[in-house]
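Enquirer:
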Amino acid sequence: MLFGGENAESYYDEGLTAAMKGDFEKAVAHFQKATTLDGAFAAAWYQLGRCWLRLGRVPEAVSSLERALTITPRMALARVELGYAFLKSGLHDRASAAFAAVLDEKPDTPRAALGLGYIAFQQRHWDTAFGLAERVAGTGAEPFESHYLAGRAAHAMKLDQAASNHLYTADAQLDKLIETNPDAPEGYFLRGQIYTLTGDFARALENYAEAERCMEPGRRCRVYNEEFDLVDILAGMGWCHRKMGDPDGARAAAERILELKPGSQRAKWLLGEAGGDAERDRP
């Protein structure tokens, strides 16, 4: 028996508790029960959509978030999450429209501005991505994502000092994530990505190795709008070995990638069997 009784509000509260603990599958079950008991419970539909998105179930996320907006059209939080769901689907026009609609009404919504920055980055509009990410970083909101995006955009534009400043600021934000979850791969992988961009390949390799140690077979991780699996970790390790002049290490990583993903272009590149722009194709 739920504390508070068999009603939508009690299931909603249980869902919030599960989501805060990172148990999104359990949270989904509770939010689904809440929406079954009260189909007009917009906040429950919104939370259900957020959880679906964190589980990588994008179509379900879109459906739930659109349901929330049907009930409460001016729910900015739901519209922002819907924008990110469209972004994950590669629907840049729809994502941009969702973020812009929120910013038209609430110009100080950092998650919406950051969403436009992600779109610009994916479209290789580095200067726009950099400007939007810096704008968010300047507010102190979304401290990891804003600085990480600004750092990557600056790196792409070869603005070395700006890239370093933002990337190291983002790196500092990972301390708490790693301290709180020392046996989770997310913090180590992101730190590996940061050190790869700053050219500290030895430290990047150390962090990728820690991420590999913590990674469960078949798992796909989602954190801070980033997604990765074991293949991505191994690709990062192989890149570092190659940049450090260790072809044997790069080959070993590539061979492991091919076991998991036959025909992988990244593995072929590490083996020297594929051409391409090395910086563009960087893991």
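Per my numbering, the sequence shown starts with residue 1238, numbered consecutively. For every residue, glycine included, the Cβ atom is placed at its ideal position computed from N, Cα and C. This structure is a prediction, so every number in the text was calculated from the model and none was measured.
#1: By DSSP's criteria, C1458 is part of a beta bridge. Which residues make up the other side?
#2: When burial is assigned at 16 or more other CB atoms within 10 Å of the CB, is A1515 buried or exposed?
#3: Quick one: what does DSSP say G1259 is sitting in, helix, strand or coil?
#4: Could you check how far apart the C-beta atoms of F1438 and M1474 are, in whole angstroms? I think they sit under 8 Å.
#5: What's the C-alpha gap between Y1349 and A1335?
#6: Go through its chain and collect everything with a Cβ distance to K1498's Cβ below 6 Å, but skip five positions before and after it.
#7: What residue ranges within the stretch 1364-1394 form continuous alpha helix (DSSP H) runs of no fewer than 4 residues, ordered along the chain?
#8: Could you give the residue range of the alpha helix (DSSP H) that holds K1343?
#9: Identify, in the order they occur along the chain, each residue of the same chain with its Cβ nearer than 7 Å to the Cβ of A1421, setting aside the five sequence neighbours on each side.
#10: For the alpha helix (DSSP H) containing S1326, name the first residue and the last one.
#11: Quick check on this structure: which residue in I1470, T1365 and M1312 has the alpha carbon closest to the alpha carbon of F1278?
#12: What is the residue span of the alpha helix (DSSP H) that S1300 lies within?
#13: Please report the straight-line C-alpha distance between G1276 and S1326, rounded to a whole angstrom.
#14: Contact between the stretch 1300-1316 and the stretch 1441-1450: three or more CB pairs below 8 Å?
#15: Using the rule of at least 16 other Cβ atoms within 10 Å of the residue's Cβ for burial, across every protein chain shown, is T1254 buried or exposed?
#16: Under the three-state reduction of DSSP, which class applies to G1513: helix, strand or coil?
#17: Alpha helix (DSSP H) containing K1505: first to last residue?
#18: What distance in whole Å lies between the Cβ atoms of Y1249 and A1264, which are believed to be in contact at a cut-off of 8 Å?
#19: Taking only the alpha-carbon atoms, compute the straight-line gap between M1257 and P1484 and give it to the nearest angstrom.
#20: Would a check of beta-carbon distances place Y1248 closer than 8 Å to chain B?
#21: Do you know offhand how far Y1355's Cα is from L1369's?
Expert: Result, derived from the coordinates:
#1: Here the question's residue 1458 lines up with position 221 in the sequence shown. As DSSP reads the structure, C1458 sits in a beta bridge with F1465.
#2: Here residue 1515 corresponds to residue number 278 of the sequence shown, with the count starting at 1. Per-residue confidence for A1515 stands at a pLDDT of 41, beneath the threshold of 50, marking its modelled position as unreliable; the derived number appears in the next sentence. Flag for A1515 reads exposed.
#3: Sequence index remark: in the sequence shown, residue 1259 carries index 22 (1-based). Coil, per DSSP.
#4: Numbered from its first residue, the sequence shown carries residue 1438 at position 201. Numbered from its first residue, the sequence shown carries residue 1474 at position 237. Not really, about 10 Å apart at Cβ, beyond 8 Å.
#5: The residue labelled residue 1349 in the question sits at position 112 within the sequence shown. The residue labelled residue 1335 in the question sits at position 98 within the sequence shown. One point to set straight first is that residue 1349 is Ala, not Tyr, in the sequence displayed. Looking at the two C-alpha atoms, the distance is approximately 8 Å.
#6: On the sequence shown, residue 1498 is found 261 positions in, with the first residue counted as 1. The beta carbon of K1498 sits closer than 6 Å to those of V1468, all from its chain and outside the five residues before and after it, given in chain order.
#7: Complete alpha helix (DSSP H) runs here, min 4: 1380-1393.
#8: Against the sequence shown, residue 1343 aligns to sequence position 106. From DSSP, K1343 is part of no alpha helix (DSSP H); its letter is neither H nor E.
#9: Within the sequence shown, numbered from 1, the residue matching residue 1421 stands at position 184. Within the same chain, C1451 come within 7 Å of A1421 by CB-CB distance, once the 5 residues on both sides are set aside.
#10: For the purposes of this step, residue 1326 is identified with residue 89 of the sequence shown, where counting begins at 1. Counting along the chain, S1326 falls outside any alpha helix (DSSP H), and DSSP gives it neither H nor E.
#11: Taking the sequence shown and counting its residues from 1, one reaches residue 1278 at position 41. Selected option, being the one with the closest Cα: M1312.
#12: Indexing the sequence shown from 1 puts residue 1300 at position 63. For S1300, the uninterrupted alpha helix (DSSP H) segment begins and ends at V1295 to I1308.
#13: The sequence position of residue 1276 within the sequence shown is 39, counting from 1. The sequence position of residue 1326 within the sequence shown is 89, counting from 1. If I take the Cα positions, the gap works out to 26 Å.
#14: Cβ pair count under 8 Å is below three, so no.
#15: By 1-based counting over the sequence shown, the position of residue 1254 is 17. Around the Cβ of T1254, a 10 Å sphere holds fewer than 16 other Cβ atoms; the residue is exposed.
#16: Residue numbering aside, residue 1513 sits at position 276 when the sequence shown is read from its first letter. Residue placement at G1513 is poorly supported in this model, since its pLDDT is 43, which falls under 50; the coordinates are not used for a value here.
#17: The count along the sequence shown starts at 1 and reaches residue 1505 at position 268. Residue range Q1502 to L1507 is occupied by the alpha helix (DSSP H) that includes K1505.
#18: The residue labelled residue 1264 in the question sits at position 27 within the sequence shown. The residue labelled residue 1249 in the question sits at position 12 within the sequence shown. The C-beta separation of A1264 from Y1249 comes to about 10 Å, leaving the pair out of contact by the 8 Å criterion.
#19: Counting from one through the sequence shown, the residue named residue 1257 turns up at place 20. Counting from one through the sequence shown, the residue named residue 1484 turns up at place 247. Each residue's alpha carbon lies about 43 Å from the other.
#20: Going by chain labels, chain B is absent from the structure shown, which holds only one protein chain.
#21: The residue given as residue 1355 occupies position 118 in the sequence shown. The residue given as residue 1369 occupies position 132 in the sequence shown. Roughly 9 Å separates the two Cα atoms.
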